[in-house]
Every structure is written in structure tokens, then in C-alpha cells.
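**Student:** Before we start, here is the structure in question, set down as C-alpha cells.
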Amino acid sequence: MSTNTIAARRRKDRTMTTCTSEEKKIKNRAAQAAARKRKAEYVKNLEGTVKELEKKVKELERTIKECEGAIGYNEIVKSLSETVQKQQETITKQDLLNGSTINDLLVRLYFGSMLPPMGANICIEPTSLKIATDSTLSTNPDSFLDYLEANGMNSIGI
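Residue numbering for the sequence shown follows the UniProt record's numbering, starting at 1 and increasing by one per position.
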């Protein structure tokens, strides 16, 4: 049982350091100071990046609020346009069934909901506009005059 052991050889290219402990302390302090300086610079850069990102976040939040407002406005406009379109279709169908003229249709479509419903009797006073939807008013002139007197209007309606 023979064992082959190889003796550790010393490398020729390595030189032994001849620094004293005082020199080692000085080099260590310099290295630590350089590391602290790099760390402080890195932290300063990170703080600048954080500030920039916070500004971007605030700007994006403001943009989001503006977009939400625009979306809400667009939804309202869309809803109103759909309502107007449905009203126009309804007015057109009703007026065609009632035998209205094209001019009547154009006036109703142009003025929309500002006009009273078809078949309503309008009595104009100096201060207000009253709409009577009672069906007996349009058929019996005497009851119309009674209606005017009961509501405090003169028979001329002005």
C-alpha cells in the first residue's frame, strides 16, 4: 500500500505583501470611503428617479381623471343622441299616421321637445304658456271659453 502524495509547491510568480497593519487600515478606510461615496451617489440617483416617477404618476392620474370625464361626457352625448333619434323616429311615425304635412314634420324635428305634443291646445298668456290636453276643449268651443275663464285667462288668450 503505497500512497503517492504530491507535495504542495509554492508558485514563483506570487509575491508576498509587505504591508504593515497601519497601511492595511489606511487602504481599508479609503476603500470604505469610496464605497460610501458610490452608495450615496446611487441613492441620490434613485431618489431622483423616484421623484420623476412620482411626477409621472400624478400626471397619469390627472390624465385618467380627464379621460374618465371625457368618457362620461361621451356616454351622456351618446345617450342623448340615441334618445333624440328615438324621439325623431317616434314623431315621424306618429305624424305620418296622423296625416301631418312635411312642413309640420320638419318643424317638429327641428324644434324637437320644445314643441307641445300633437293635438294639444295652446293658450298663451303674457307671462306663461299653458298646454291643455283635455280632449273636450278641441271639440266644443264653449267648453274652451269656460276653461279659459276658469283658469283666469281672457278669451283672446293674450
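Quick reminder that beta carbons are idealized off the backbone N, C-alpha and C, glycines included.
1) Using the C-alpha atoms, what's the distance from G48 back to T18?
2) What did DSSP end up calling G19 once you bin it into helix, strand or coil?
3) Given L80, which residues of its chain have a CB within under 6 Å of its CB, disregarding the five upstream and five downstream residues?
4) What separation, rounded to the nearest whole angstrom, lies between the Cα atoms of I64 and A31?
5) Taking only the alpha-carbon atoms, compute the straight-line gap between S113 and V77 and give it to the nearest angstrom.
**Tutor:** The relevant details are as follows:
1) 44 Å
2) Reading off the sequence, residue 19 comes out as Cys, not Gly. In the structure shown, C19 sits in coil (DSSP, three-state: anything other than H, G, I, E or B).
3) none
4) 49 Å
5) Low per-residue confidence applies at S113: pLDDT is 48, beneath 50, and the placement is therefore not dependable, though the value from the model is reported in the following sentence. The straight-line gap from Cα to Cα measures roughly 16 Å.
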